[in-house]
Amino acid sequence: MLDVLRGNRHEPMAFVSSVLAASFSVMPIAFFRSVAAILIGLQSVAQHAPTIVIDPGHPSEVSSGATIQNGTSEVHVAWTVAQRLATLLRAHGYRVVMTKPAERTSVTNVERARIGNTAGAALVVRLHCDASKDSGYAVYHPDRQGTAQGRTGPGAEVMRTSAAAAESIHVSMAQLLAGKLKDGGVRGDSRTAVGEQQGALTGSIFSEVPVVLIEMVTLSNAHDAAFIESAAGQSLMAQAIARGVARYVPASNSPKVR
Ligand SMILES: [Zn+2]
């Protein structure tokens, strides 16, 4: 066997070449066109995968978010749900950018907005938890311009698209979280304490892309805290938000949402 191979060293390649040549000559051009179309299609999916920026709230110039409430903290809950949301969105065909590399990395709200702008985000999803005498979740979007640190914003298009994204996310949250958490609906930034003073949240004022802020639970409420501390609660929250993202900006492998 060895002798034969050595003696005819170049012949196997010549054989392969002739078989390939014969095959190509009988393959219809349509076949090559369809292969090319698939390759171009795959390339365009990769190029056009929408970018979702996930912004796990805190620590920022506003607060550390580390106050323990009912056995957990806002910064921890936001980080935990963000990890689950990132995994889901990547599986659905999105490109995901996080605004910080670790739970306790401090990033200002202006810098968080700039990360969204630089990434050319189809949507920035800001994850927070509320603290109040109330309970449940709410989805916020800039409903009017505000001014902070010498800048007035966001623009009309960002306000329009952010409102649409907030509505989409709220629909999915209302569906999946019904009976689990109180539905606080869709609200304008102007209803927040900071928004009341500035007109909009700092992260919205500096945003050049659609941006929503989700108060996922009211962490000062014992029932809400128990829900979001459980793996099942975190998973459901991430699924609800991911479906809402898909409703606003579908990706190649997004779940079909109605
Ligand atoms: Zn917060």
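Per our numbering, the very first residue in the sequence shown carries number 1; after that it's consecutive.
All residues carry an ideal CB built from backbone N, CA and C; glycine is no exception.
Everything numeric in this text was worked out from a predicted model, so none of it was measured.
- Looking from the CA of residue 118, the closest CA among 135, 99 and 130 belongs to 99.
- Taking C-beta atoms as the reference points, residue 186 and residue 157 fail to come closer than 8 Å.
- Per the DSSP secondary-structure output, residue 94 pairs with nothing in a beta bridge.
- Here residue 209 is not near residue 131, since their CB atoms are 8 Å or more apart.
- Residue pairing by DSSP puts residue 140 in a beta bridge opposite 187 and 213.
- Between ligand 1 and residue 128, a heavy atom-to-CB distance of less than 7 Å is present.
- Check the Cα spacing between residue 179 and each of 242, 86, 108 and 224: the tightest is with 224.
- In chain order, 236, 239, 240 and 243 place their CB closer than 8 Å to the CB of residue 176, counting only its own chain and leaving out the 5 sequence neighbours on each side.
- Classified as buried, residue 74 has 16 or more neighbouring CB atoms from the shown chains inside 10 Å of its CB.
- The three-state reading of DSSP puts residue 242 in helix, counting H, G and I together.
- Taking every protein chain shown into account, the CB of residue 253 has fewer than 16 other CB atoms within 10 angstroms, so this residue is exposed.
- Between residue 81 and residue 173, the CB-CB gap reaches or exceeds 8 Å.
- If you draw a 10 Å sphere on the C-beta of residue 165, you find 16 or more other C-beta atoms in it, and that means buried.
- Secondary structure of residue 130 (DSSP, three-state): strand.
- Under DSSP, residue 124 forms a beta bridge with 53 and 211.
- Between ligand 1 and the CB of residue 57, the shortest heavy atom gap is smaller than 7 Å.
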